[in-house]
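Below is one structure, written out as C-alpha cells; comments come after it.
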Amino acid sequence: MTTVTSPITSPIDLFSDHTLQNTEAVFAELRETAPVVHLPANDAWAITRYEDVREALGDPATFSSKQVAFNPQMNQILSGTSLAADPPQHGDLRAVLTDNLSPRAMRKMKGEIYAKADALVRELAGRGSFEGMTDMAVAFPVQIVLDLIGVQGELRAKILPWGEAAFNLLGPLNERAQASFPIAGELFKWTHEEMKGEDLAEGSIGRNIWEAAERGEISHESFGYIVHQILAAGMDTTITTIGNLLVQLGNHPEQYAQLRENPSLAAAALAEVLRTKTPAPVFGRVTTREVEVAGQTIPAGAQIALLYGSGNMDPRKFENPEIFDITRNPVDHLGFGYGIHACAGQGLAKLEINGLLEALIRHVESFRIGEVTQRLNNFTRPLATIEVLDIVTAEVPATA
Ligand code: HEM
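Residue numbering for the sequence shown follows the working numbering, starting at 76 and increasing by one per position.
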C-alpha cells in the first residue's frame with residue numbers, strides 16, 4: 076500500500092523579481108523548509124538539497140529533460156537539442172556538439188584566447204579603473220565566441236540580446252519571457268534558415284562545420300543547432316561568471332593576494348565562484364513515473380525544479396557555505412550541472428575565464444569594487460554594472 080504524504084508547499088515564485096534579486100535568501104528558506112517543496116506559483120516541485128539534486132541528475136530515466144524549460148513552447152523549440160533530449164537521442168545530439176568543443180579543439184585555441192585575454196586586461200589595467208561588465212565580462216566572451224563561429228559585420232551586435240533572450244525564455248511565460256520571444260526568434264531564424272557558409276569567416280570553426288554539412292558529413296539542421304547552442308547557451312552564463320569572479324576577488328583582497336602568490340589556485344577559485352554565485356541556478360525536468368525523493372512522493376508527469384544554486388549552498392554538503400574560500404576547491408559543485416547533461420561547453424568557458432584570470436594576476440596587483448547593479452533574467456543571475464576601481468598595476472612572470 077502506498078502512503079500518500081501531503082506535500083509541503085510554499086507561495087514562492089522561482090521567477091519573480093523578488094526571487095531573482097534575493098536568490099540566496101529565497102533558496103535558503105526553501106532548503107530549510109524541506110528537501111522537496113511544492114510551488115503552486117510555478118506548478119512545480121522544487122528539489123532543494125545537494126544530495127537529492129545530484130541523485131535526480133544521475134537518473135535521467137526518471138527525471139527527463141523534456142521539460143528543461145518552464146513553458147511548453149520553449150520545450151517544443153528545444154526538442155532538437157541535447158539540452159532537452161533524453162537517451163538514446165541525447166548521446167547523438169551531444170556528440171555532434173562536443174566533437175567541436177573537445178579538449179583537443181580547446182588546446183588548439185588556448186594560445187589565441189590567452190593572448191586576447193592578456194591584451195584586454197593589460198589595456199583595462201592601464202586605465203586605472205573600468206566598467207567590469209561592459210569592458211570585460213561582456214566584451215571578452217562576445218569577441219571569443221563570435222570569432223570562433225566566424226560571425227561578421229552587423230550581426231555581431233545582435234549576439235548579446237539574442238543570448239539574453241534565450242535564457243529568459245527558459246522560465247515561465249512571464250513578462251520577461253514574452254518580451255524575449257521575438258528576439259530569440261531572430262536567433263533561431265538566423266541559425267536555422269538564413270545563415271550561410273559565406274556569412275562566416277574563413278578558417279573559423281563555424282565555417283568548418285558548415286563545410287562538413289556541405290560535404291554531407293552532418294546535416295544542415297545539426298549545423299544550425301550547433302551554432303544556436305554555442306550562441307545561446309554559452310553567452311549569458313559565461314558573462315555572468317566573469318562578472319562574479321571580478322566581484323568576489325575584488326571584495327576579498329586577501330584571497331586575491333593569495334591567488335597572485337599561488338596562481339595554481341586559479342581553477343579552485345573559479346569553482347568557488349561558480350559554487351557561491353551559481354550563474355544558472357535552476358533547471359527543469361519532468362518525472363516519467365511516480366517517484367519518492369527524500370520521503371516525499373512526487374507524481375508522474377510533474378514539473379521539477381532542480382535548484383543547483385541551493386545545492387551549492389547546502390551546509391549538509393559544504394561547511395560554512397556562505398564563506399568564499401578559494402582554497403576550498405569544490406570540484407563537485409553543481410554550477411555546470413552533473414551527469415549526462417553536465418555543461419558541454421565548460422572546456423571553452425574555463426579556457427576563457429582562466430585566460431582572463433591569469434592575465435589579471437599578471438597585470439593587476441590589487442583593485443577594489445565600487446557600485447554594483449543587477450540585470451534581471453529568468454534563468455541567469457547577471458550583474459548589469461560593476462565599478463572596478465583603484466587598480467594598482469603589476470608585472471609578474473607569465474604562468475601559462
Ligand atoms: C561559466 C559558463 C557556463 C555555465 C555556468 C554553464 C552551465 C551549464 C549547466 C548548469 C548545464 C546543465 C543543464 C541541465 O542540467 O539541464 C549546461 C549545459 C550545457 N551547456 Fe553550459 N554553461 C556555461 C558555458 C557554456 C558554453 C560556453 C557553452 C557552449 C560553447 C555551453 C553549452 C552547453 C550545452 C550545449 C549544454 C547542454 C548539454 C547537454 O544537455 O548534454 N555552456 N551548462
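Cβ atoms here follow ideal geometry from the backbone N, Cα and C, with glycine treated the same way.
Could you give the first and the last residue of the continuous alpha helix (DSSP H) run that contains residue i?
i, result
"Thr108", "Thr98 to Thr108"
"Ala119", "Counting along the chain, Ala119 falls outside any alpha helix (DSSP H), though it belongs to the beta strand (DSSP E) covering Ala119 to Ile122."
"Gly207", "Gly207 -> no alpha helix (DSSP H), and no H or E assigned at all."
"Leu221", "Ala214 to Ile224"
"Gln142", "Looking at the DSSP string, Gln142 is not in any alpha helix (DSSP H), and its letter there is neither H nor E."
"Gln164", "Gln164 to Asp174"
"Gly238", "Ile234 to Asn243"
"Glu261", "Glu250 to Lys264"
"Gly484", "In the structure as shown, the chain begins at 76 and stops at 475. Residue 484 is therefore absent and cannot be evaluated."
"Ile188", "Pro178 to Arg202"
"Leu132", "Tyr125 to Leu132"
Buried or exposed, going by whether 16 or more other CB atoms sit within 10 Å of the CB of residue i?
i, result
"Asn146", "buried"
"Pro374", "exposed"
"Thr402", "exposed"
"Met76", "Any answer about Met76 is weak, because its pLDDT of 44 lies below 50 and its placement is not dependable; what the coordinates show is given next. The residue is exposed, with fewer than 16 neighbouring Cβ atoms inside 10 Å."
"Val406", "exposed"
"Asn337", "exposed"
"Ile188", "buried"
"Asp465", "exposed"
"Thr94", "buried"
"Gly420", "buried"
"Ile398", "exposed"
"Asp167", "exposed"
"Glu198", "exposed"
"Arg360", "buried"
Over the uninterrupted beta strand (DSSP E) stretch that includes residue i, give me the two end residues.
i, result
"Ala459", "Leu458 to Thr468"
"His113", "Val111 to Leu114"
Hey, residue i and residue j: beta-carbon distance below 9 Å or not?
i, j, result
"Val348", "Thr316", "yes"
"Val171", "Tyr300", "yes"
"Arg443", "Val196", "no"
"Thr460", "Gly201", "no"
"Gly422", "Leu176", "yes"
"Ala212", "Gly318", "yes"
"Ser66", "His416", "Any question about residue 66 goes unanswered here, given that the chain covers just 76 to 475."
"Asp88", "Ala116", "yes"
"Asn453", "Leu245", "yes"
"Thr313", "Glu206", "no"
"Leu409", "Tyr125", "yes"
"Ala159", "Ala180", "no"
"Asp311", "Phe411", "no"
Next on the checklist: Threshold first: 3 residues or longer. Then list the beta strand (DSSP E) segments lying entirely within the stretch 284-345, N to C.
Outcome noted: none
Item to check | beta strand (DSSP E) runs wholly inside the stretch 334-405, at least 3 long, in chain order | outcome: 357-362, 366-368, 371-373 and 378-382
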